[in-house]
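Structure record follows, encoded as structure tokens.
Numbering (my numbering), first residue to last: 197 to 323.
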């Protein structure tokens, strides 16, 4: 399965995620994304840096798609951010970072489960 297929089918295709990306875990390069303008320049590398000190999400927040989210979870595996009824779920695997955005019509818990499940799958398969 291609990286884009993971974004299209395993994330957005569930109906629980509105926008998604898979990034290179070492440099934040974009491996797959939908829609194409979901991430702004520099946000991938900034996310990689944030995973090196995930507790910083509580004081600095997380910016994705040009929107700053308040940090609500930050550990070496997962970083979550929230802004109103929308939010971001980011999961670091061995080689990648899975990023999912949920809108006000989607449930945060369901969105988190979808992103975490794909993260588990990628980790189990050495990605």
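Here a beta-carbon is modelled for each residue, glycine too, at the ideal position from N, C-alpha and C. This one's a predicted model, so the numbers in the text were calculated from it and none came from an experiment.
Please return the same chain residues whose Cβ sits closer than 8 Å to the Cβ of residue i, not counting the five positions on each side in sequence.
{"i": "residue 302", "result": "211, 212, 213, 214"}
Could you say which of the options lies nearest to residue i if we only look at CA atoms?
{"i": "residue 222", "options": "296, 278, 230, 247", "result": "247"}
{"i": "residue 271", "options": "265, 220, 284, 251", "result": "251"}
{"i": "residue 260", "options": "249, 269, 279", "result": "279"}
{"i": "residue 290", "options": "237, 319, 311", "result": "319"}
{"i": "residue 304", "options": "313, 284, 321", "result": "284"}
What distance in whole Å lies between the Cβ atoms of residue j and residue i, which are believed to be in contact at a cut-off of 8 Å?
{"i": "residue 277", "j": "residue 262", "result": "With a Cβ gap of about 13 Å, residue 277 and residue 262 do not count as contacting."}
{"i": "residue 297", "j": "residue 216", "result": "7 Å"}
Take residue i and list the residues in its own chain whose beta-carbon comes closer than 6 Å to its own, dropping the five residues that flank it on each side.
{"i": "residue 264", "result": "257"}
{"i": "residue 244", "result": "224"}
{"i": "residue 228", "result": "199, 200, 203, 218"}
In the DSSP assignment, find the alpha helix (DSSP H) that holds residue i and state where it starts and stops.
{"i": "residue 214", "result": "Note, residue 214: premise wrong, no alpha helix (DSSP H); not H, not E."}
Once you ignore the five residues that flank residue i on each side, which residues in its own chain have a CB closer than 7 Å to its CB?
{"i": "residue 226", "result": "217, 219, 235, 240"}
Got a sec, what are the start and stop residues for the beta strand (DSSP E) residue i sits in?
{"i": "residue 307", "result": "Residue 307 -> not in any beta strand (DSSP E); alpha helix (DSSP H) instead, spanning 304-320."}
Within the region 238-302, ranges of the alpha helix (DSSP H) (whole runs, at least 4 residues): 239-248, 253-256
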